[in-house]
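Down below is the structure, laid out as structure tokens.
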Amino acid sequence: MSTTNGTIVPPAKVDFSSDQEIRWCPGCGDYSILKQVQTLLEQSGKKKEDVVFISGIGCSSRFPYYLDTYGLHGIHGRAPAIVSGLRSVRPELSVWMITGDGDALSIGGNHFIHLLRRNVDVNVLLFNNEIYGLTKGQYSPTSPEGSVTRSTPMGSTDHPFNPLALVKGADGTFIARSMDRDPKHMREVLARADAHRGTSLVEIYQNCNVFNDGAFEVFTEKASKPLHTIFVEHGKPLTFANGTRGIKLNGMTPVIVDTYAGGTSLDDLWIHDERDPYKASILVRLFDDPRLEGAMPRPFGVFYVNDRPTHEAKLTAQVALAKEKKGAGDLDALLKGEHTWTIG
Amino acid sequence: MPTTLKKKPTETRENVVILFAGDSGDGIQLTGSQFTDTNALFGNDVSTFPNFPAEIRAPQGTLAGVSGYQLHFGSVEIFTPGDQADVLVVMNAAALKANLGKLKQGGTIIANTDGFDKKNLRLAGYIDEADPLVDGSLEGFLLHSVDVTKLTRTALEGTTLGMKEKDRCKNMFVLGFINWMYSRENALTEGFLQRKFSKKPEVLDANLKALVAGYNYGETSETFTTRFEVKAAPMPKGTYRSITGNQGTALGLIAGAQKAKLDLFYGSYPITPASDILHELSRHKNFGVVTFQAEDEIAAISSAIGASYGGAIGITASSGPGIALKTEAMGLAFMLEIPLVIVNVQRGGPSTGLPTRTEQADLWQAVHGRNGEAPIPVIAASTPIDCFDMAFEAVQIALEHMTPVILLTDGYIANGSEPWRFPASKDLPEIKPPYIKEPNDDGKFLPYLRDERGVRPWALPGQPGFQHRIGGIEKQDKTGNISYEPLNHEKMVRLRAEKVARIADRYKPIRLDSGPEQGELLILGWGSTYGAIRTAALQLQQEGQSVAHVHIRHMFPFNKGLGPLLKKYKQVLVPEMNSGQLRQMVRAEFLVDAQGLNKIQGMPFTSEEIRAGALNLLKP
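Residue numbers (the working numbering), protein chains in the order written: chain L, 1 to 344; chain S, 1001 to 1620.
So this is what it looks like as structure tokens:
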């Protein structure tokens, strides 16, 4: 920053990176996410001072230190609550919340669902690496059942969360999934999330190359990606495997069909409608273990959008209404109360 | 409404303690608070003690379901709700059984005979359903048996209300009668009823009729030959209102926010006995008050931290168990060095403990209860009115010193009320947070560069050029960047502690509440024991004892004058509703041989208990 006689002169090219040394492990998927967020912010035309990053605890939660914006590195699991308070009093800011699978879904699970149901206007980036990284390799609430980790040498006995089904269950108003290895897709999804008013939840598959390397390989590697992923776009049929296969809805049941010569017509496929809450509920349920025979491909993209009013808009409206009805607060009248008596 | 018929003789009393008791559904709290307001409006000094069960509707007629409201009013200064009652009004047998021990020998009992049928006697645990109203066991008291239920029903004959609704007017009959007995008008309650039932004319009519019938019963009944009068107290001139401690806290918080020209964010999770602060604040949104009923205690404080980070004054309140949950977040606020107010309306502990009873057992929790070295200033209110002053000061310290502040009140003063000669807003000081306007380090901004008081500057999101990152990880001196450097950590621990210690620089010099500047015994009190200690100390001084009373509000850091003061007396007595928490703190800090007077019954001290404790130390 520079000042000339008190006038702030913005730098010629806005650079959102801070002067702090980045301390993630070399090769961590977090670098890719940081890069895309920086790029998006630089292209968005936002002023640095109007952007706030709030995080909890975990590898991902160091994120705010690496951006030249306002930032608060909170305590484990509580970022949604901190965000809720901040947005209640500063609805004009651009607020981003950085969290991980342990932070959001385990220790902060309660705050996470309440943030969603209230629809606080914040872009939530949920870095899912299906492992506890910062505590060095215990299973997380998204680790598949049977995961062998440092705390589960005989395999995890816990059934994992399906994060986006949980988000849908909590009436989230923007539900999306992307991955660290597909920067272009991530940038597009992040831009959509940023444009949405309300809690924009983006689950990002992020590789922890130290404790859980290759957890999402089947979705990210060139060879297996076409068969195991499906990228949804609003108004377009659900196809994958380079357009040779598609998903059709038999009533409420999705089924995989062939779409090439002699196969099902594209018009008969499931057409993605991101405003349809029922289809979104089915879409988030496409969560098969990719190792199983006949597994459904894992969907990526924006699954669901709903324009329900934000929590802070309703709070602010109440304060405005109270001021309109009663007039701005008169402290003397408040101290006096409704009934007084005089002595002397 | 005309309420007088013929005159009966009137006797004057200096002060009266009256205890209303009945089932928790009998409207006892309303009866008590209406009679309180009537007396306060008349010009008496008053002090009250509502005492109700934890269960909302405990089984009718049982001891567990008894709700009580004790009122002390007088033509003299009143400091406590009274040690023992002069008059006990009971709506049923359980209410008598639960409260007879609080009645003076020779005191008056007014009993609703309908509440003493066989079922009620059995539920109250009277052996063989023996009726105390007729078996002579109440001989030492002045007993008036009145069939309130029947008289109320008779008064309401001809109204369209059902029997159940008619019976719900019983408390107004009782109130009308008590108004007569103490030469008070029904007018205030009539006005209250008219507002409350403006949309239910039949209910309004019935309640007004019951109120008048009760008053007239006093005039006409031959049992009651005398009425009493308590003249107005010589209160300082001015305009008064009635206020409870929780209201006082809420208003103090709003006043603080207004004087700092800030919005107020209140994050809270409902809990007894703190919820009334949330209820009160939620009514004042036009003061820029945002109330947020969070999903849990942790979210309540964390959201308040978020709001403070955004530039409002963030506030949260709870009681012991909820405060325990907030502990980690308090550490964060301390580490961030942002303003925050945490109110603990203490109740009986540990764990769920005694939710509707009072205690002072969270002092150590407030002063010590965090991981790492995280000293947070702790202040305590001593009366309902003092809740206002202390809440204001909590906001002031939080904002001017960039720190979380803990305010301790308790269930006793939170629900109790007294007349308040409220201040004018212009007499309250302006609050000035250390906002930063210009870069503080050669064109750059250092978020943890401290001023001469050790306080860091406050830059708010949206302020161009002051972008910075803060967090709970140890930070480098001045820059606030993450640092694990050993010497830096030690330095930061010391700097943060020093900043909090320097808050004592702003306190006014310590002042005795009463008694000689030096002598035999100093009674050191804190919090809601104020009234009982003051009453006892004044009495002991009248009796010629060399006893002084000091009541401290700053629990951490202590007033610098406290240590020297303690040394001016041969003995120090610390009465507390805990096992001796302040006592241990002053022993550790000042090496004085302070003695404890400790009551851990969920009930406040009586002044007689304090007096006896002091006399015990003064024995030759």
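Idealized CB from N, CA, C, for every residue including glycine.
{"Check": "Less than 7 Å between the beta carbons of A1391 of chain S and L1253 of chain S, yes or no?", "Outcome": "yes"}
{"Check": "Measure from the alpha carbon of I1110 of chain S to the alpha carbon of each residue in S:E1393, S:Q1467, S:G1256, S:I1018, then state which is nearest.", "Outcome": "S:I1018"}
{"Check": "Relative to the C-alpha of A1094 of chain S, which residue among S:G1106, S:S1067, S:M1330 is closest?", "Outcome": "S:S1067"}
{"Check": "For a contact meaning CB atoms closer than 7 Å, what does V255 of chain L contact in chain S?", "Outcome": "Result: empty, since nearest Cβ-Cβ is about 39 Å, beyond 7 Å."}
{"Check": "Return the residue from the list S:S1319, S:M1181, S:E1202 that minimises the CA-CA distance to P1270 of chain S.", "Outcome": "S:S1319"}
{"Check": "Note down the Cα distance separating G1602 of chain S from I22 of chain L, rounded to an integer number of angstroms.", "Outcome": "54 Å"}
{"Check": "If we require 3 or more residues per run, which beta strand (DSSP E) segments fall completely within the segment 1099-1177 of chain S?", "Outcome": "1103-1112, 1142-1146"}
{"Check": "Taking CB distances under 7 Å as the criterion, tell me whether I343 of chain L reaches chain S.", "Outcome": "yes"}
{"Check": "Determine, for Q38 of chain L, whether the minimum Cβ-Cβ distance to residues of chain S falls below 7 Å.", "Outcome": "no"}
{"Check": "As a quick exercise: from S:I1436, S:V1146, S:G1032, S:D1114, pick the residue whose alpha carbon is nearest that of G1061 of chain S.", "Outcome": "S:D1114"}
{"Check": "Could you have a look at Q1581 of chain S and say whether DSSP puts it in helix, strand or coil?", "Outcome": "helix"}
{"Check": "Hey, how far is the Cα of P1516 of chain S from the Cα of M1577 of chain S?", "Outcome": "25 Å"}
{"Check": "With which residues is V95 of chain L paired in a DSSP beta bridge?", "Outcome": "L:V52"}
{"Check": "Taking only the alpha-carbon atoms, compute the straight-line gap between Y1126 of chain S and I113 of chain L and give it to the nearest angstrom.", "Outcome": "53 Å"}
{"Check": "Determine, using beta carbons only, whether E1418 of chain S comes closer than 7 Å to chain L.", "Outcome": "no"}
{"Check": "State yes or no: is the C-beta of V1341 of chain S within less than 7 Å of the C-beta of M1402 of chain S?", "Outcome": "no"}
{"Check": "Within 7 Å of any Cβ in chain S, is that where the Cβ of P11 of chain L sits?", "Outcome": "Here P11 of chain L scores only 48 on pLDDT, less than 50, and its place in the model should not be relied on; the value that follows carries that caveat. Cβ-Cβ to chain S under 7 Å: no for P11 of chain L."}
{"Check": "Contact between the segment 1070-1079 of chain S and the segment 1014-1028 of chain S: three or more CB pairs below 8 Å?", "Outcome": "yes"}
{"Check": "Taking its Cβ as the centre, do 16 or more other Cβ atoms sit within 10 Å of I230 of chain L, making it buried, or is it exposed?", "Outcome": "buried"}
{"Check": "Below 8 Å on the Cβ atoms is my contact criterion, and I expect V1500 of chain S with P1557 of chain S to pass it. Report the Cβ-Cβ distance as a whole number of Å.", "Outcome": "7 Å"}
{"Check": "Going along the chain, which residues of its own chain have a beta-carbon closer than 7 Å to the beta-carbon of W1364 of chain S, five neighbours each way excluded?", "Outcome": "Q1581"}
{"Check": "For V1547 of chain S, is the classification buried or exposed, using 16 other Cβ atoms within 10 angstroms of its Cβ as the cut-off for buried?", "Outcome": "buried"}
{"Check": "Taking 7 Å as the cut-off, decide whether the C-beta atoms of I343 of chain L and G1472 of chain S are in contact.", "Outcome": "no"}
{"Check": "Are F211 of chain L and G108 of chain L close, meaning C-beta to C-beta below 7 Å?", "Outcome": "no"}
{"Check": "Could you confirm whether any beta carbon from chain S is found closer than 7 Å to the beta carbon of P64 of chain L?", "Outcome": "yes"}
{"Check": "By DSSP, does A1520 of chain S sit in helix, in strand, or in coil?", "Outcome": "Looking at the sequence shown, residue 1520 of chain S is not Ala but Glu. It is a strand residue."}
{"Check": "Establish whether the CB of D68 of chain L and some CB of chain S are separated by less than 7 Å.", "Outcome": "yes"}
{"Check": "Out of S:R1511, S:P1620, S:A1532, state which residue places its alpha-carbon closest to the alpha-carbon of P1564 of chain S.", "Outcome": "S:R1511"}
{"Check": "How far does the beta strand (DSSP E) with E203 of chain L in it reach, from first residue to last?", "Outcome": "199-205"}
{"Check": "Give a yes or no on whether the minimum CB-CB distance between T135 of chain L and chain S is below 7 Å.", "Outcome": "no"}
{"Check": "With DSSP collapsed to three states, give me the class of D1023 of chain S.", "Outcome": "strand"}
{"Check": "Do we get a CB-CB distance below 7 Å when we pair N110 of chain L with the residues of chain S?", "Outcome": "yes"}
{"Check": "Spatial neighbours of L286 of chain L within its chain, please: CB distance less than 6 Å, with the 5 preceding and 5 following residues excluded, ordered by chain position.", "Outcome": "M296, P299"}
{"Check": "Does the beta-carbon of A317 of chain L have 16 or more other beta-carbons within 10 angstroms, so that it is buried, or is it exposed?", "Outcome": "exposed"}
{"Check": "By Cβ distance below 8 Å, which residues in the same chain neighbour N162 of chain L in space, the five residues on each side in sequence not counted?", "Outcome": "V284, R285, F287"}
{"Check": "Give the secondary structure of T1352 of chain S by DSSP, where H, G and I count as helix, E and B as strand, and everything else as coil.", "Outcome": "coil"}
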